[in-house]
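Quick note: the sequence shown uses the UniProt record's numbering, first residue 1, plus one each step. By construction, the Cβ of each residue, glycine as well, lies at the ideal position given by its N, Cα and C atoms. This report refers to the structure that appears directly beneath it.
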Amino acid sequence: MGKLWSLKYRRELSGWLFVLPMLLFFVAFVVYPIFSSIWSSLYFFNYSEYVFAGLDNYKTLVNDSLFWKAVWNTLVFVLYLVPSITVIALLLSAIIHVYPKKLQSFFKAAFYIPGVTSIVSLAMVWEYMYNNQFGLGNYFLKLIGLAPVNFLGSEYAYTSLSLILITISLGSSVVVFTAALNGIPKDLYESASLDGATSVRAFFHITLPMLKPSVLYVVVTSTIGAFQVFAIILLMTGGGPAYKTTTILMLIYREAFVNMNFGIANAMGIMLCLIICLIAFLQFKLLKSDVEY
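Below, the structure is given as structure tokens:
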């Protein structure tokens with residue numbers, strides 16, 4: 001009996017030793033920063049002061065109209081981006097899926113390239129395209145007889161920025177959906193065809209149900225990414241006009257690195273984390289699936 005326990009202990013110890021490096025990394029760079037942020041959010045501090053504030057930072061945020069405007073702006077970006085990325089990526093993947101493997105790889109790489117390109121480079125290209133005087137966007141509008149548009153103005157800012165963010169985020173979703181489509185058994189489509197099902201009915205009754213786990217993954221990751229929109233907005237509009245495109249992450253950046261209010265910035269970060277966790281929980285509840293293939 002003692003030998004069996006000793007063998008079991010050694011097996012468990014060897015497993016923990018293999019996991020230990022990653023576990024230490026996770027604790028040092030994920031767990032510790034989270035608890036440190038929670039603790040720091042209870043203080044008012046900058047480079048010169050460090051005073052316990054309790055829940056005062058959170059009370060300040062609750063009564064801050066700019067914070068709630070940033071929450072609303074962020075939610076608008078989520079509503080623009082998540083459905084668009086999911087639907088467009090799904091349609092593109094369905095089209096790519098019918099091609100041979102090598103051609104599929106080409107298209108997946110083509111859509112994935114913007115996601116790994118420098119954000120600054122992309123911002124410079126799109127800023128040229130959106131330029132009011134000599135941009136390509138207004139040039140094409142003039143060709144078809146339409147008046148010039150201020151793409152980054154208050155009326156079109158959400159749509160213009162969302163278009164950029166969709167092109168950046170689309171690649172990873174296309175890769176996920178294409179891989180999932182390749183994993184669906186062909187027998188299901190053959191059986192449906194024998195029963196007289198059209199390609200449209202097969203898509204809605206076979207493809208979509210089988211893709212539900214992948215849809216959940218894309219929706220959750222796209223939602224998290226949409227809540228963390230920052231760099232492209234900072235470079236393109238700076239949060240304007242009139243705070244119309246200011247997101248929560250932009251406010252965190254300003255409070256922490258411009259106003260030096262690190263306590264408030266940490267409180268915003270905690271509230272952003274709670275909002276993301278709540279929405280992700282609801283998404284898992286609504287889109288969970290027992291499909292396996």
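Discussion item. If the criterion is Cβ atoms closer than 8 angstroms, does the pair Ser214 and Phe177 meet it?
Written reply: Position 214 of the sequence shown, counted from the start, is the residue given in the question as residue 214. Position 177 of the sequence shown, counted from the start, is the residue given in the question as residue 177. In this structure, Phe177 lies closer than 8 angstroms to Ser214 by Cβ.
Worksheet item: Taking just the CA atoms, how far does Ile248 sit from Leu165?
Response: If you number the sequence shown from 1, residue 165 lands on position 165. If you number the sequence shown from 1, residue 248 lands on position 248. C-alpha separation (whole angstroms): 16 angstroms.
Worksheet item: Taking three-plus beta-carbon pairs below 8 angstroms as touching, is the segment 223-243 in contact with the segment 16-34?
Response: no
Worksheet item: With a Cβ-Cβ cutoff of 8 angstroms, do Tyr130 and Leu146 count as a contact?
Response: Position 130 of the sequence shown, counted from the first residue, corresponds to residue 130. Position 146 of the sequence shown, counted from the first residue, corresponds to residue 146. Against a cut-off of 8 angstroms, the Cβ pair of Leu146 and Tyr130 comes out as no contact.
Worksheet item: By how many angstroms is the C-alpha of Phe134 removed from the C-alpha of Gly269?
Response: As a working mapping, residue 269 is identified with position 269 in the sequence shown. As a working mapping, residue 134 is identified with position 134 in the sequence shown. So the alpha carbons of these two residues sit roughly 39 angstroms apart.
Discussion item. Assess contact between the segment 40-48 and the segment 187-201, defined as three or more Cβ pairs (one per stretch) separated by less than 8 angstroms. Is contact present?
Written reply: no
Worksheet item: Under a Cβ-count criterion, where at least 16 other Cβ atoms within 10 Å of its own Cβ denotes burial, should Lys108 be classed as buried or exposed?
Response: By 1-based counting over the sequence shown, the position of residue 108 is 108. Classification for Lys108: buried.
Practice prompt. Give the C-beta separation of Ser162 and Gly115 to the nearest angstrom, bearing in mind that I take them to be a contact with Cβ-Cβ under 8 angstroms.
Written response: Counting from 1 along the sequence shown, the entry for residue 162 is found at position 162. Counting from 1 along the sequence shown, the entry for residue 115 is found at position 115. That belief does not hold up - the Cβ atoms of Ser162 and Gly115 are roughly 16 angstroms apart, past 8 angstroms.
Discussion item. If I measure Cβ to Cβ from Val76 and keep anything under 7 angstroms in the same chain, skipping five residues before and after, which residues do I get?
Written reply: Mapped onto the sequence shown, residue 76 falls at position 76. Correct list, in chain order: Tyr158.
Discussion item. Which complete alpha helix (DSSP H) runs does the segment 170-231 hold, if anything under 4 residues is left out?
Written reply: 186-194, 199-202 and 212-227
Worksheet item: Do the segment 191-200 and the segment 213-227 meet, that is, are 3 or more Cβ pairs less than 8 angstroms apart?
Response: no
Worksheet item: Rounded C-beta distance between Thr223 and Ala280? I'm assuming under 8 angstroms.
Response: As a position in the sequence shown, residue 223 is number 223, starting the count at 1. As a position in the sequence shown, residue 280 is number 280, starting the count at 1. Sure, about 7 angstroms apart at Cβ, within 8 angstroms.
Practice prompt. Return the bridge partner residues of Phe44 from the DSSP annotation.
Written response: Position 44 of the sequence shown, counted from the start, is the residue given in the question as residue 44. BP columns for Phe44 point to Val51.
Fill in: Limits of the alpha helix (DSSP H) - the one that Ile275 falls within
In the sequence shown, counting from the first residue as 1, residue 275 sits at position 275. Counting along the chain, the alpha helix (DSSP H) containing Ile275 begins and ends at Phe262 to Leu287.
Worksheet entry | Pairwise C-alpha distance: Glu12 and Phe257 | Taking the sequence shown and counting its residues from 1, one reaches residue 257 at position 257. Taking the sequence shown and counting its residues from 1, one reaches residue 12 at position 12. In a straight line, the C-alpha of Phe257 is about 46 angstroms away from that of Glu12.
Discussion item. I'd like to know whether the C-beta atoms of Leu61 and Ala202 end up nearer to each other than 8 angstroms.
Written reply: Numbered from its first residue, the sequence shown carries residue 61 at position 61. Numbered from its first residue, the sequence shown carries residue 202 at position 202. Not closer than 8 angstroms, so no.
Discussion item. Rounded to whole angstroms, what is the Cα-Cα separation between Asp56 and Ala242?
Written reply: Indexing the sequence shown from 1 puts residue 56 at position 56. Indexing the sequence shown from 1 puts residue 242 at position 242. The straight-line gap from Cα to Cα measures roughly 27 angstroms.
Item to complete: Express the C-alpha separation of Met260 and Arg254 in angstroms, rounding to a whole number.
Response: Taking the sequence shown and counting its residues from 1, one reaches residue 254 at position 254. Taking the sequence shown and counting its residues from 1, one reaches residue 260 at position 260. Cα to Cα, Arg254 sits roughly 8 angstroms from Met260.
Worksheet entry | For Ser118, the first and last residue of its enclosing alpha helix (DSSP H) | Within the sequence shown, residue 118 is the residue found at index 118, counting from 1. Segment: none, Ser118 is in no alpha helix (DSSP H) and carries neither H nor E.
Discussion item. Considering only the alpha carbon of each residue, which of Ala94, Ala231, Ser105 and Gly171 lies closest to Ile85?
Written reply: On the sequence shown, residue 85 is found 85 positions in, with the first residue counted as 1. The option with the nearest alpha carbon to Ile85 is Gly171.
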